[in-house]
Each structure stands twice: as structure tokens, then as C-alpha cells.
Ligand code: ZN
Ligand code: FE
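Numbering (my numbering), first residue to last: 5 to 260.
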């Protein structure tokens, strides 16, 4: 199977659109194109032709460029079967356990509902690449809007089980604010303290902090760590169930 080249396109205030290029078949996907213009410019600069859009969920900051890009390029739009009526221009419907081939690069599709119902993630195992939209962020996770806390925790547990080398291509540069929150629930986590030093230095120079690796998230993302005794004790839920700990952590982040 072929290896992807991934290119970052920063758009809007803090969104990232990812261009995933598979050179042997000359296929290129835009993952969650919030807008069309900057994506077309980035494609031209790279000399790539858009063949696909991969959507993770229906929110407009992930699909707003769909129809214009499809009109300009004739690309194929892939999205969640559950979201068939909410993904503009959808051509191919996929769901949990499906695979989808971008040229010679194969994605496994996971349902990771919680932020929305029908939110999916695309895992290109041979490229150690995960496009997870608004489900997992660097040191954070998406707000639980349409789903339940238990469902969101289950979705994050699916992603947590992937190899540590997996690169986490999430859709927003929320890392610094997420890390500031993470420090309120795990103030003595040495990996978190060290990571935030690095993130603060990068953001001071406007350098992107995405992608991270899953191994970094295991050690520092509070939403992957409801089993952390330190976190449980900080929020007053030592020994509580993982879903109780996760829900309380997520509620505190909503109010942060
Ligand atoms: Zn969203
Ligand atoms: Fe978003």
C-alpha cells in the first residue's frame, strides 16, 4: 500500500484542512474543507489535482467548501452514511468498519460519534495517519454536542487503541488552550508540564502544534486519561467510573 504525503492548509480562525496526497495514483483528498479558496490555492502551489473530499462530520467548518470544490474539480465526496442528509454533495457513504481506498492508500473508517452523531475518523494504517475531525484534539476532545458522554468516551477509546506512532491530524489548533485546561486537572503530570513548555514556545512563534502523536496524547490528554489517579483525585472523583470521570472532566472544560 502507498504512503500519503499530508499538507496543512490553515483556514478561518483556527481550522486546519489537510491535503492527503497519494503519489502513485496521483490522488489527492481534502479532509474537512471548511472553505474552498485557500484549498484551491494550496493545491495549485503543490501541483496536486483534487480527486476526493473526506468529511469527518457535518459541521459547516468542515464541509463549507464541499460544493464549490466539487464544482471546480469534479471530486468525489466521502462521508458518513449516518450524515448522508447533512454532508453537502456526498457521493460515497461509509460507516464503522468500512475501508475506503484513496488511490493505493487504504483508510479504515471508525464511527467516533459523540461530538456529533455520525462523526467518523479515517485511519491510514500504512501511513500512521489518523484524520479525526473534532473527536480528538491535541490534549483535548470535541464538545459532546449530539451524543452522550459514554459514547464519546467509547469513541476516544477506539482511537486510543491505535499504535502510539499514529499522527493525530485533528481539525483545529486548540492545543494551547487545551493544555492550559489539562494542567488544571493534572497539575503535577510531568509529561504535560514539559509538553506545554514546548507548545507555548511554538505558539509564541505562531508554529502549528498539529499533528501530534498518539503516544504523546496517551501521556498528556486528560480525555484519554480518566484512569489517571492524579486526575481523579484532582477533580474529587477518586475511584469513580471512567465515564463519570470523563463526563466531569468534559463539563469542566466546557466551563473553562
Ligand atoms: Zn465540529
Ligand atoms: Fe470544528
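For glycine and all other residues, C-beta sits at the position ideal for the given N, C-alpha and C.
Counting only the same chain and skipping the five closest in sequence on each side, list residues whose C-beta sits under 8 Å from that of residue i.
| i | result |
| --- | --- |
| residue 91 | 59, 62, 67, 70, 81, 83 and 84 |
Within 7 Å: the Cβ of residue i and any heavy atom of ligand 1?
| i | result |
| --- | --- |
| residue 115 | no |
| residue 66 | yes |
| residue 138 | yes |
| residue 3 | Residue numbering for the chain in the displayed model covers 5 to 260; residue 3 lies beyond these limits and cannot be assessed. |
| residue 243 | no |
| residue 56 | no |
| residue 146 | yes |
| residue 25 | no |
| residue 119 | yes |
If you measure from the CB of residue i, is any heavy atom of ligand 2 nearer than 7 Å?
| i | result |
| --- | --- |
| residue 130 | no |
| residue 62 | no |
| residue 176 | yes |
With a threshold of 6 Å on Cβ separation, who are the neighbours of residue i within its own chain once the five nearest residues in sequence on each side are excluded?
| i | result |
| --- | --- |
| residue 200 | 183 |
| residue 33 | 24, 56, 58 and 106 |
Please check the pair residue i and residue j, which I expect to be a contact at CB under 8 Å, by giving their CB distance rounded to whole angstroms.
| i | j | result |
| --- | --- | --- |
| residue 227 | residue 250 | 7 Å |
| residue 133 | residue 173 | 6 Å |
| residue 6 | residue 108 | 4 Å |
| residue 254 | residue 148 | 6 Å |
| residue 100 | residue 114 | 6 Å |
| residue 203 | residue 236 | At roughly 24 Å, the Cβ-Cβ gap does not stay under 8 Å, so residue 203 and residue 236 are not in contact. |
| residue 47 | residue 128 | Not confirmed; about 19 Å, so no contact. |
| residue 135 | residue 15 | Not really, about 15 Å apart at Cβ, beyond 8 Å. |
| residue 217 | residue 162 | In fact, because the Cβ distance is near 17 Å, the residues do not count as touching under 8 Å. |
| residue 289 | residue 247 | No statement about residue 289 is possible, as the shown extent of the chain runs from 5 to 260 and does not include it. |
Within its chain, find whatever has a CB closer than 7 Å to the CB of residue i; leave out the 5 residues flanking it on each side and keep chain order.
| i | result |
| --- | --- |
| residue 94 | 81, 83 and 88 |
| residue 111 | 103, 104, 126, 127 and 128 |
| residue 51 | none |
So does residue i have its beta carbon nearer than 7 Å to some heavy atom of ligand 3?
| i | result |
| --- | --- |
| residue 152 | Annotation note on ligand 3: not contained in the displayed structure, which lists ligand 1 and ligand 2 as its ligands. |
If contact is defined by three or more beta carbon pairs under 8 Å, each pair taking one atom from either stretch, is the segment 109 to 120 in contact with the segment 150 to 163? yes
Three Cβ pairs or more, each shorter than 8 Å: is that satisfied between the segment 132 to 147 and the segment 207 to 224? yes
Contact the segment 39 to 47 vs the segment 16 to 25: 3+ CB pairs below 8 Å: yes
Inspect the CB distances between the segment 231 to 244 and the segment 183 to 198 and report whether three or more fall short of 8 Å. yes
Report the start-end ranges of each alpha helix (DSSP H) in the segment 111 to 174 that is 4 residues or longer and not cut off at the edges. Fully enclosed alpha helix (DSSP H) runs of 4 or longer: 153 to 164.
Unbroken stretches of the alpha helix (DSSP H), 4 residues or longer, contained in the segment 174 to 260: 179 to 189, 194 to 208, 218 to 224, 233 to 238 and 246 to 258
Complete runs of the alpha helix (DSSP H) confined to the segment 62 to 101 [at least 4 residues]: 64 to 67 and 70 to 77
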